[in-house]
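Input: a single structure, listed below in structure tokens.
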Amino acid sequence: MGPANTNHKQTTVTCGPIICTYPLCHNNQSKYLLQYEFNLAKQLGLECLSRLPHTSHRLVSRVCHRWRDLLQSPDFYYHRKKLGYTQKVACLVLNFNGGTVNGPKKPGVSPSYGIAVFDSVNQRWDRLAPVYRYPNGLPLFCQLASCEGKLVVMGGWDPVSYDPVTDVFIYDFMTQQWRQGKDMPSKRSFFAIGACLGRVFIAGGHDENKNALRSAWVYDLRKDEWSQLGEMSEERDECEGVVIEEDEFWVVSGYRTESQGQFDGSANVYGLKSGQWRRVEGVWEPGRCPRSCVGMGKDGKLVNWAELNPAVRVGACGISLGGRVLVTGSGYQGGPHGYYMVEMKEGQNSKLEKLTVPDEFLWVCPIRLLCGNLMQ
Numbered sequence: 001m002g003p004a005n006t007n008h009k010q011t012t013v014t015c016g017p018i019i020c021t022y023p024l025c026h027n028n029q030s031k032y033l034l035q036y037e038f039n040l041a042k043q044l045g046l047e048c049l050s051r052l053p054h055t056s057h058r059l060v061s062r063v064c065h066r067w068r069d070l071l072q073s074p075d076f077y078y079h080r081k082k083l084g085y086t087q088k089v090a091c092l093v094l095n096f097n098g099g100t101v102n103g104p105k106k107p108g109v110s111p112s113y114g115i116a117v118f119d120s121v122n123q124r125w126d127r128l129a130p131v132y133r134y135p136n137g138l139p140l141f142c143q144l145a146s147c148e149g150k151l152v153v154m155g156g157w158d159p160v161s162y163d164p165v166t167d168v169f170i171y172d173f174m175t176q177q178w179r180q181g182k183d184m185p186s187k188r189s190f191f192a193i194g195a196c197l198g199r200v201f202i203a204g205g206h207d208e209n210k211n212a213l214r215s216a217w218v219y220d221l222r223k224d225e226w227s228q229l230g231e232m233s234e235e236r237d238e239c240e241g242v243v244i245e246e247d248e249f250w251v252v253s254g255y256r257t258e259s260q261g262q263f264d265g266s267a268n269v270y271g272l273k274s275g276q277w278r279r280v281e282g283v284w285e286p287g288r289c290p291r292s293c294v295g296m297g298k299d300g301k302l303v304n305w306a307e308l309n310p311a312v313r314v315g316a317c318g319i320s321l322g323g324r325v326l327v328t329g330s331g332y333q334g335g336p337h338g339y340y341m342v343e344m345k346e347g348q349n350s351k352l353e354k355l356t357v358p359d360e361f362l363w364v365c366p367i368r369l370l371c372g373n374l375m376q
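The opening position of the sequence shown corresponds to residue 1 in full-length UniProt numbering, with each subsequent residue numbered one higher.
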């Protein structure tokens, strides 16, 4: 065998933040080496991008098309989540009092709803840009879900006409922009919602004629498609949705058309693997509205956030942020609304830790809360 060809040229290739110099030659060994080093550079680039905070993603995505496609892909989100580089934040639908963000509500001014984001790790509060179709405020009573690091807003009432809407909007925290998804299959209000593994589940609520519903649908975020699920065993208006351990979608309480306001103590549970509904009795206090105050305790049982502490027993809303809970509420009807963090400890009374909140959020009462694993 003759001597190896040593008449090599050099070329420099930039891949992500890595700059590599490769020999250009024609033997198979060098080709394999070139491919190995190229794949290694891609992997190193992925690891570097995974460590960037989500606030820098929009800028970084402008470097090249490959980076943009990577940052926007669900696989990138799940990769960051697996490595522990995502963190949970709370999204709150707030009444910003007709656009007045630093004062009490003015008489005769219609409420204007927007979305605030609270980062409990950095103690930071932000307000999202309004949905382009509703520049003066979100649809009243719209529902929120967290799906693959994105915020999904759907349904509600038109803030001007008060007519039910079927709009679906998705906020991408990487691009910091809204986009419109496929409309809901039909108009419904006060329905249960939950999200898991790229899908958003809705069930119950009532139609345009105030008839309580037992139907359910699922929205596929990636495909932008709706699919109908089997019906629940009974109608459930003003119910609340909870997803448990990425395995079950719980539709808690609610009432039938002929029993307005008489909240039931049961729940319908949809198995995400089996595709079947089952009924569970005695999971909620009969007669109590479950909206925004249903959570899951460490023992796997449903909890009522209003029962955590007397300081939040009126108008309580809560959401789990890992091992802690963001809870809001007041001690009495018409009282000041406070924001607190609670560390959940089994078998112990929950101690509230009062949060310092910027002035523009102090005067507002949360309507809905949502926890999302965002790309931060």
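Cβ coordinates follow ideal geometry from the N, Cα and C atoms, glycine included. None of these values were measured; they are calculated from a predicted model.
Leaving out five residues before and five after residue i in sequence, what residues of the same chain have Cβ atoms less than 8 Å from its Cβ?
| i | result |
| --- | --- |
| Gly282 | Gly265, Ser266 |
| Pro159 | Ser110, Ser112, Tyr113, Tyr134, Asn136, Gly137, Leu138, Pro139, Leu140 |
| Gly322 | Lys88 |
| Ser61 | Trp67, Arg68, Leu71, Gln72, Met174, Thr175 |
| Val252 | Ala192, Cys239, Glu240, Gly241, Val242, Ala267, Val283, Trp284, Pro290, Val294, Leu302 |
| Gly261 | Tyr255 |
| Met296 | Val242, Ile244, Leu302, Val303, Ser320 |
| Glu231 | Arg214, Ser215, Ala216, Trp277 |
Can you find a heavy atom of the ligand ADP that lies under 7 Å from the Cβ of residue i?
| i | result |
| --- | --- |
| Gly45 | With respect to the ligand ADP, the structure offers nothing, as it holds no ligand at all. |
Roughly how many angstroms lie between the CA atoms of residue i and residue j, to the nearest whole one?
| i | j | result |
| --- | --- | --- |
| Leu52 | Cys64 | 16 Å |
| Val242 | Ser320 | 11 Å |
| Phe96 | Gly198 | 31 Å |
| Ile115 | Gly271 | 31 Å |
| Glu225 | Arg236 | 24 Å |
| His57 | Leu70 | 10 Å |
| Arg291 | Cys239 | 7 Å |
| Ser50 | Thr86 | 9 Å |
| Gly103 | Tyr162 | Bear in mind that the predicted position of Gly103 carries a pLDDT of just 41, short of 50, making it too unreliable to give a figure here. |
| Gln123 | Ser186 | 39 Å |
| Gly205 | Gln43 | 47 Å |
| Thr55 | His337 | 30 Å |
| Asp207 | Pro164 | 9 Å |
| Phe249 | Gly194 | 7 Å |
| Glu245 | Glu353 | 27 Å |
| Glu343 | Gly318 | 12 Å |
| Gly315 | Val325 | 16 Å |
| Leu94 | Val218 | 26 Å |
| Met154 | Gly335 | 30 Å |
| Val312 | Asn209 | 34 Å |
| Leu92 | Glu258 | 32 Å |
| Gln177 | Leu59 | 13 Å |
Could you pull out every residue in the same chain whose Cβ sits closer than 6 Å to the Cβ of residue i, ignoring the five residues on either side in sequence?
| i | result |
| --- | --- |
| Lys150 | Ile170, Asp172 |
| Arg256 | Ala212, Glu235 |
| Pro74 | Glu148 |
| Val152 | Ala145, Ile170, Val200 |
| Ser120 | Leu321 |
| Arg179 | Ile170 |
| Gly181 | Val168, Ile170, Asp224 |
| Ala216 | Ala203, Leu229 |
| Asp126 | Val117 |
| Cys196 | Val243, Glu246 |
If we count the other Cβ atoms within 10 Å of its Cβ and call it buried at 16 or more, is residue i buried or exposed?
| i | result |
| --- | --- |
| Ser274 | exposed |
| Asn268 | buried |
| Arg332 | Looking at the sequence shown, residue 332 is not Arg but Tyr. Looking at its Cβ environment, which holds fewer than 16 other Cβ atoms inside 10 Å, Tyr332 is exposed. |
| Leu221 | buried |
| Tyr132 | exposed |
| Pro358 | exposed |
| Gly287 | exposed |
| Leu143 | The sequence as given places Gln at residue 143; Leu does not occur at that position. Buried. |
| Phe361 | buried |
| Tyr77 | buried |
| Leu302 | buried |
| Pro23 | Reliability fails at Pro23, whose pLDDT of 41 lies under 50, so the model's placement of it is uncertain and the value that follows must be treated cautiously. That one is exposed. |
| Ser227 | exposed |
| Ala129 | exposed |
| Pro310 | exposed |
| Ser189 | buried |
| Leu308 | buried |
| Thr328 | buried |
| Asn5 | Unreliable placement is indicated for Asn5, whose pLDDT of 46 sits below 50; the coordinate value is still reported in the next sentence. Asn5 comes out exposed. |
Which partner residues does residue i have in the DSSP bridge list?
| i | result |
| --- | --- |
| Leu352 | Val342 |
| Trp125 | Phe118 |
| Gly334 | Looking at the DSSP assignment, Gly334 forms no beta bridge with any residue, so it has no partner. |
| Cys317 | Thr328 |
| Leu70 | Answer is none; Leu70 lacks a bridge partner. |
| Val303 | Gly295 |
Return the chain-ordered list of same chain residues with a C-beta closer than 7 Å to the C-beta of residue i, the five sequence neighbours on each side being excluded.
| i | result |
| --- | --- |
| Arg279 | Ser233, Ser266, Asn268 |
| Glu183 | Note on residue identity: the sequence assigns Asp, not Glu, to residue 183. So the qualifying residues of the chain are Thr166, Asp167, Val168. |
| Cys289 | Glu238, Phe263 |
| Leu355 | Tyr339, Tyr340, Met341 |
Please give the ranges of any alpha helix (DSSP H) in the segment 202-253, keeping only runs that are unbroken, at least 4 residues long and fully inside the region.
Counting only runs of 4 or more, we get nothing.
Which parts of the segment 130-203 are runs of the beta strand (DSSP E), unbroken and 3 residues or longer, counting only runs that do not cross its ends?
You should have 143-147, 150-154, 168-172, 177-180, 192-196, 199-203.
To test your reading of the DSSP string, which unbroken alpha helix (DSSP H) runs of 4 or more residues are found completely within the segment 255-295?
Within the segment 255-295, no alpha helix (DSSP H) run of at least 4 residues lies entirely inside it.
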